[in-house]
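Protein chains in written order, with the numbering used here: chain A, 2 to 178; chain B, 10 to 210.
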């Protein structure tokens, strides 16, 4: 009798372990470690150069509450417009968060946009190179045409419908059936 | 002829009246003279700018109780404030965030714990709007005649680990020695001031 209880307890423990293992494996598969690249002002200047597609940039930080609030919408937009636009995010987190809070947050958000951590001794120049109307508050979102012309910028939380409306204006209309 | 002159003067006075202090999209411009104003502080008392300023002027610094960038600057702000109070330049803190973002109790406790200068409560972010202040921390340095001499960041490095330029100290030192301030306007990344009705806490 006692032996059968022990066997049953063993089976339950084995089953629980198996469930935990599968759950953990699933969680890892859903949240790959997000890569964050540290850049200086020169690399940043290269990053915001015009390309072949519209360029969307979101400036944010894990310490910025409105940035964190709007991030799920940005992840959604990235999925909706993948291949149609270039979308990058630039975090202004402190450098020590490069391998800590930033990748952890991106993994939680399941974010796939390339993310860069900007470290520059001249923030005034970096801010002015993005938009003359920006004073450095976060979050800040900016959209450029492929020729580099800025068509939209917003300091504060962006509305999904507003941003997608602006992006759509830059994309060729879908052919009518 | 006389009637035309009167009309011209009236028109000029009207334009001068509605234009007020020089404010651009970038905030009040360096060189603008600040009119004295009154505001209630975290201690419940009302102060005027002229009451709080030193013999060589004052710095209005927009602050926040929750902003990590402000937290990273607390020690530096207190050091500069103590040093330049001796030289006649006083610091005046202002909290312009809405009360959903930061309760009055939180701001009061934070001010008492971290800063040795008066913290004014900018209800409905009126002063932030007048100044064009958008982030915390953001400083506006006025000289003894209440003329804006410098607007922007305290230094070039939020973390404090790699400071290469001490914008505010440099501005103070130049003004105190009667020299021109080389950099009168800078920007820095910071926490957006949570204005009334703004999304996000």
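Don't be surprised by glycine CBs; every beta carbon is placed ideally from N, CA and C.
For residue 68 (chain A), the uninterrupted alpha helix (DSSP H) segment begins and ends at 66-81. In the DSSP assignment, residue 200 (chain B) is bridged to A:139 and B:145. DSSP, read as helix, strand or coil, puts residue 93 (chain A) in coil.
Taking a C-beta distance under 7 Å as the contact criterion, residue 158 (chain A) and residue 71 (chain A) qualify as a contact pair. Ranked by how close their Cα comes to the Cα of residue 156 (chain B), the residues B:68, B:192 and B:172 have B:68 in first place. The segment 32-51 of chain A makes contact with the segment 116-127 of chain A, as at least three CB pairs between them are under 8 Å. In the three-state DSSP reduction, residue 131 (chain B) falls in the coil class, being neither helix nor strand. Between residue 81 (chain B) and residue 167 (chain B), the gap from beta carbon to beta carbon is short of 7 Å. In this structure, DSSP gives residue 106 (chain A) a helical state, which the three-state scheme calls helix.
When only Cα atoms are considered, residue 59 (chain B) and residue 108 (chain B) end up about 27 Å apart. Membership of residue 94 (chain B) in the alpha helix (DSSP H) is indicated by the continuous run 77-94. Annotated as proximal: residue 62 (chain A) and residue 93 (chain A), with beta-carbon spacing under 7 Å. If you ignore the 5 residues before and after residue 191 (chain B), its C-beta comes within less than 8 Å of the C-beta of 179 and 183, all in its own chain and listed in chain order. Contact between residue 202 (chain B) and residue 106 (chain B) holds, with the beta-carbon distance rounding to 6 Å and staying under 8 Å. Here residue 45 (chain B) is not bridged, per DSSP, to any residue. Close to chain A, meaning a Cβ-Cβ distance shorter than 9 Å, is no residue of the segment 128-139 of chain B at all. Here the C-alpha atom of residue 200 (chain B) lies approximately 8 Å from the C-alpha atom of residue 77 (chain B).
Residue 57 (chain B) is bridged by DSSP to B:47. For residue 131 (chain A), the three-state secondary structure derived from DSSP is helix. A residue is called buried once 16 or more other Cβ atoms fall within 10 Å of its Cβ, and residue 152 (chain A), having fewer, is exposed. For residue 196 (chain B) against residue 161 (chain B), the beta-carbon gap comes to about 6 Å, under 8 Å, which counts as contact. Between residue 97 (chain B) and residue 63 (chain B) the beta-carbon gap is near 4 Å, inside 8 Å, which marks them as a contact. Looking at the DSSP output, residue 61 (chain A) bridges to A:92. With a threshold of 7 Å between beta carbons, residue 124 (chain A) makes contact with chain B. Judged by DSSP secondary structure, residue 102 (chain B) falls within the beta strand (DSSP E) whose first and last residues are 99-104. Residue 137 (chain B) sits in a helix when the DSSP states are folded into three classes.
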